[in-house]
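All remarks here apply to the structure that follows.
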Amino acid sequence: MANYLIHEVFISEAMAKEKEGREYETVSVSVVIPVYNEEVTIGNVVSRTKQALEKMDISYEILVVDDGSADRSADIAEEQKATVLRKAHQGKGYALRYGFMKARGELVVTLDADGSHKPEEIQQILRPIREDRADFVIGSRFCYSEANKTKIPKINRVGNRMFNDLIWYLTGAITSDSQSGFRAFRASLIKRMKLSSQGYEVESEMLVKALKMGARVAEAPISFIQRTVGRSKLDPIKDGARILYAIIASYLS
539 MANYLIHEVF
549 ISEAMAKEKE
559 GREYETVSVS
569 VVIPVYNEEV
579 TIGNVVSRTK
589 QALEKMDISY
599 EILVVDDGSA
609 DRSADIAEEQ
619 KATVLRKAHQ
629 GKGYALRYGF
639 MKARGELVVT
649 LDADGSHKPE
659 EIQQILRPIR
669 EDRADFVIGS
679 RFCYSEANKT
689 KIPKINRVGN
699 RMFNDLIWYL
709 TGAITSDSQS
719 GFRAFRASLI
729 KRMKLSSQGY
739 EVESEMLVKA
749 LKMGARVAEA
759 PISFIQRTVG
769 RSKLDPIKDG
779 ARILYAIIAS
789 YLS
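Here the sequence shown is numbered in the working numbering, starting from 539 and rising by one per residue.
Structural data, given as structure tokens:
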């Protein structure tokens, strides 16, 4: 009986180690999608992301971080075969940080769950990094595109421009869309950052810290799809103040 139990323990340990090895095996690209109450759009976003990555013929994973949604966002993402990480509602910044911690990819892509980004453009976001011309790429809604400007609320455009100018003043870096959530970067870069943002200010914190670390930052033009269902969770005043603070604090840290 004792020999049988020992044999069972050895088998269990071997299976656990094999499972752990699979869980931590690296992949080429991790796509991290934070979601909060986007059950209408998340299924389509995950499906198209999967199709786009399949066409690139690379190893990948799609991590959907559910930020305490009250709807079926997480269930729908799972039905589309995404890896879903569930947690209590703490904000977009925390969701992204949690996703980065779990990501196994050498390169990481982030995009929004509301359908405003085209997953088909992941390849062009990644291209500067894969060609070793950049370490951090922002998908810009304004880079070479005047048409996108009319789709974005004026208060958001004005705020974005103000934050772009502040980042230029502090770091000397010129960017046309510092607040874009569609971006790509090397995992090794993000792991060196000590991110602390809880909300929408996370994009600014990441960018400023990347610039301070000497990372090569580039922009790639992207499309912008105006959402037709639901409403943005961004509060221009409250979140704008947090973004302003994050830019200055990240620069001074």
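Glycine included, each C-beta is placed from N, C-alpha and C at the ideal position.
Could you tell me whether the Cβ atoms of S742 and I712 are closer together than 9 Å? The residue labelled residue 742 in the question sits at position 204 within the sequence shown. The residue labelled residue 712 in the question sits at position 174 within the sequence shown. No, these two residues do not count as a Cβ contact at 9 Å.
Alpha carbon to alpha carbon, how far is D703 from G719? Give it in angstroms, no decimals. Here residue 719 is taken as the residue at index 181 of the sequence shown, counted from 1. Here residue 703 is taken as the residue at index 165 of the sequence shown, counted from 1. Using only the alpha carbons, I get a separation of about 18 Å.
Kindly list the residues whose CB is nearer than 6 Å to the CB of R586, restricted to its own chain and excluding five residues on each side of it in sequence; keep chain order. One-based indexing of the sequence shown puts residue 586 at position 48. So the qualifying residues of the chain are P657.
Figure out for me which residue from E577, G629, S788, R724 has the closest Cα to the Cα of I705. Your numbering for residue 705 matches position 167 in the sequence shown. Out of E577, G629, S788, R724, S788 has the C-alpha closest to the C-alpha of I705.
Quickly, what does DSSP pair R624 with across the bridge? List them, please. Residue mapping note: residue 624 aligns to position 86 of the sequence shown, counting from 1. DSSP output for R624 lists D604 as bridge partner(s).
For A722, the residue or residues it bridges with in DSSP: By 1-based counting over the sequence shown, the position of residue 722 is 184. Bridge partners of A722: V647, V675.
What residue does the alpha helix (DSSP H) around A787 start on, and which one ends it? In the sequence shown, residue 787 corresponds to position 249, counting from 1. Per DSSP, A787 belongs to the alpha helix (DSSP H) from 776 to 790.
Look at the alpha carbon of P774 and the alpha carbon of T564, and state the distance between them as a whole number of angstroms. Against the sequence shown, residue 774 aligns to sequence position 236. Against the sequence shown, residue 564 aligns to sequence position 26. Cα to Cα, P774 sits roughly 38 Å from T564.
Nearest to N575 by CA position, among T648, I614, G643, is which residue? Here residue 575 refers to the residue found at position 37 when the sequence shown is read from its first residue. Here the closest residue by C-alpha is I614.
Which same chain residues end up closer than 6 Å to M731 when comparing Cβ atoms and leaving out the 5 residues on each side of it in sequence? In the sequence shown, residue 731 corresponds to position 193, counting from 1. Excluding positions up to five away in sequence, the list reads K747.
Buried or exposed: where does Q717 fall if 16 or more other Cβ atoms within 10 Å of its Cβ makes it buried? Taking the first residue of the sequence shown as 1, we reach residue 717 at position 179. Q717 should be labelled buried.
Option nearest E644 by Cα separation, candidates F674, T621, E617, H627: Reading the sequence shown from its first residue, position 106 is the one you call residue 644. Considering only alpha carbons, the answer is F674.
S741 - containing alpha helix (DSSP H), residue span: Sequence index remark: in the sequence shown, residue 741 carries index 203 (1-based). It is Glu, not Ser, that sits at residue 741 in the sequence shown. Residues 740 to 750.
Nearest to R610 by CA position, among V578, P759, R721, S678, is which residue? The residue given as residue 610 occupies position 72 in the sequence shown. Looking at the Cα atoms, V578 is the closest of the given residues.
Three-state secondary structure (DSSP) at V569? Along the sequence shown, one-based indexing puts residue 569 at 31. Strand.
Return the first residue and the last residue of the alpha helix (DSSP H) that E616 is part of. Here residue 616 refers to the residue found at position 78 of the sequence shown. 611 to 617 is the span of the alpha helix (DSSP H), which, as asked, contains E616.
Look at the alpha carbon of R699 and the alpha carbon of S714, and state the distance between them as a whole number of angstroms. Working through the sequence shown from its first residue, we reach residue 699 at position 161. Working through the sequence shown from its first residue, we reach residue 714 at position 176. The alpha-carbon atoms of R699 and S714 are separated by roughly 7 Å.
Any 3 or more C-beta pairs closer than 8 Å across the stretch 586 to 596 and the stretch 622 to 631: no
May I ask which residues mark the beginning and end of the alpha helix (DSSP H) holding V767? Here residue 767 refers to the residue found at position 229 when the sequence shown is read from its first residue. Careful: V767 lies outside any alpha helix (DSSP H) and carries neither H nor E.
Inter-residue spacing [alpha-carbon to alpha-carbon] between L634 and S607: Counted from its first residue, the sequence shown places residue 634 at position 96. Counted from its first residue, the sequence shown places residue 607 at position 69. C-alpha separation (whole angstroms): 15 Å.
Which listed residue (R642, D604, F638) has its alpha carbon closest to that of G629: Locating residue 629 in the sequence shown gives position 91, counting from the first residue. The option with the nearest alpha carbon to G629 is D604.
Note down, in chain order, each residue of its chain lying with its Cβ closer than 8 Å to the Cβ of A756, except the 5 sequence neighbours on either side. Counting from 1 along the sequence shown, the entry for residue 756 is found at position 218. For A756, where only same-chain residues beyond five positions count, the Cβ hits under 8 Å are P666, R671, A672, F674, V675, I676.
If you draw a straight line from the alpha carbon of L749 to that of D595, how long is it in whole angstroms? In the sequence shown, the residue the question calls residue 749 occupies position 211. In the sequence shown, the residue the question calls residue 595 occupies position 57. Rounded to whole angstroms, L749 to D595 spans 31 Å at the Cα level.
DSSP three-state assignment for E659, whether helix, strand or coil: For the purposes of this step, residue 659 is identified with residue 121 of the sequence shown, where counting begins at 1. Correct three-state label for E659: helix.
For a test of the three-state rule: what should DSSP assign to Y598, helix, strand or coil? As a working note, residue 598 is residue 60 in the sequence shown. DSSP places Y598 within a strand segment (E or B) once states are collapsed to three.
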